[in-house]
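As structure tokens, the structure follows; a few thoughts come after it.
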Amino acid sequence: MYDPVELAEKLKKIVVRDDGRKYYRFRAARFYGGIATADCVGCCLRCAFCWSRAPLINPERVGRFYSPKEVLGKLDSIASKHGYSQLRVSGNEPTIGRQHLLKLLELVERTSYRFILETNGILLGADAGYARELARFENLHVRVSLKGCDPQQFSKLTGAEPEAFELQLTALQNLLDAGASCHAAIMREFAPPEKLGGLKQRLASIDRSLTQRLEFEYLIPFPHVIRKLVRRGISVKCESLRESIQKNR
Ligand code: SF4
């Protein structure tokens, strides 16, 4: 088991250089009705259902460093080409490299784009100051993707210490306390009714809107994802997989 905050510190030395951050891809994506996407390198979790491979396992070997200005330039050109009004950083964990992200958001704030920050929330839960810094950006929305419904399931799915589950919920608390726009998401396949009820109660105890706006995301059943789940002894019902395949079409 590992401490994801410690892992993030180690990764920072690999994927952050001055105000640059490593990215491995820039692309147009269909999510959110169309969004220009920068895929960063390096994540502080090791989710069994993660589709990312080399950027997660070999951050030293993948991608190259981009300054915030270069990232915005790439995203802007994709968005202009496709007529998108939204930008995001995704792929791995965007909150590793705080100064880079904040500088990027400062640049985006001078445009008319809406920015969606997709995060596992670990670093925003570990430091309320980080959430406060994000809250000053008016065109930012944060999507915290929860990895499981409770500490035990979180640990089984990510291999991280179960205590770190709380950091994800604290991230939502910190963001809301700071006045940031945010919502929570969870993977449908790992939110069975007997666990989902408990999670919804926890979310409602932070803020009722989190339960009302809880988003379900769906496993992308790539062969390497299925193999990883099997290796870790995590089963997914065939019925759920069928639903995932349909949702990802
Ligand atoms: S938090 Fe996201 S990027 Fe990181 S391992 Fe989990 S699914 Fe992959």
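Residue numbers for the sequence shown follow this note's numbering, so the first one is 1425 and each next one is one higher.
We treat Cβ as the ideally placed atom computed from N, Cα and C, and that holds for glycine.
Computed from a predicted structure; not experimentally measured.
With a contact defined as Cβ atoms closer than 8 Å, T1594 and G1549 qualify at about 4 Å. With respect to I1520, G1466 sits close: the two C-beta atoms are nearer than 8 Å. In this structure, R1538 lies away from H1506, with their beta-carbon atoms at least 8 Å apart. Here T1635 carries a helix assignment [DSSP, helix/strand/coil]. Taking C-beta separations shorter than 6 Å and ignoring five residues to either side along the sequence, the partners of L1531 in its chain run P1492 and L1496, following chain order. Along the length of the stretch 1482-1555, whole beta strand (DSSP E) runs at least 3 residues long occupy 1488-1490, 1510-1514 and 1538-1543, reported in chain order. Minimum Cα-Cα distance from F1589 among the listed residues N1598, D1601, L1600 and Q1576 corresponds to Q1576. By alpha-carbon distance to E1433, the top candidate from A1460, Q1510, K1498 and I1546 is I1546.
Taking the Cβ of K1446 as the reference point, every heavy atom of the ligand SF4 lies at 7 Å or farther away. Shown here for K1527: same chain residues with a beta carbon closer than 7 Å to its own, the five before and five after excluded, namely D1443 and P1492 in chain order.
Excluding its 5 nearest sequence neighbours in each direction, K1652 has C-beta neighbours in its own chain below 6 Å: A1472, listed in chain order. Residue nearest to R1522 within the set E1533, Y1456, L1643 and R1441 is R1441 (criterion: CA-CA distance). At a cut-off of 3 residues, the continuous stretches assigned as beta strand (DSSP E) that sit fully inside the stretch 1425-1489 are 1444-1453 and 1459-1464. Within the same chain, and ignoring the five residues on either side of C1468 in sequence, the residues whose Cβ sits closer than 6 Å to its Cβ are P1428, L1431, A1432, E1517 and I1546. Distance from the Cα of A1453 is smallest, within the candidate group I1658, Q1510 and R1560, for Q1510. If you draw a straight line from the Cα of R1637 to the Cα of C1573, it is about 16 Å long.
Less than 8 Å separates the beta-carbon of L1570 from that of Q1592.
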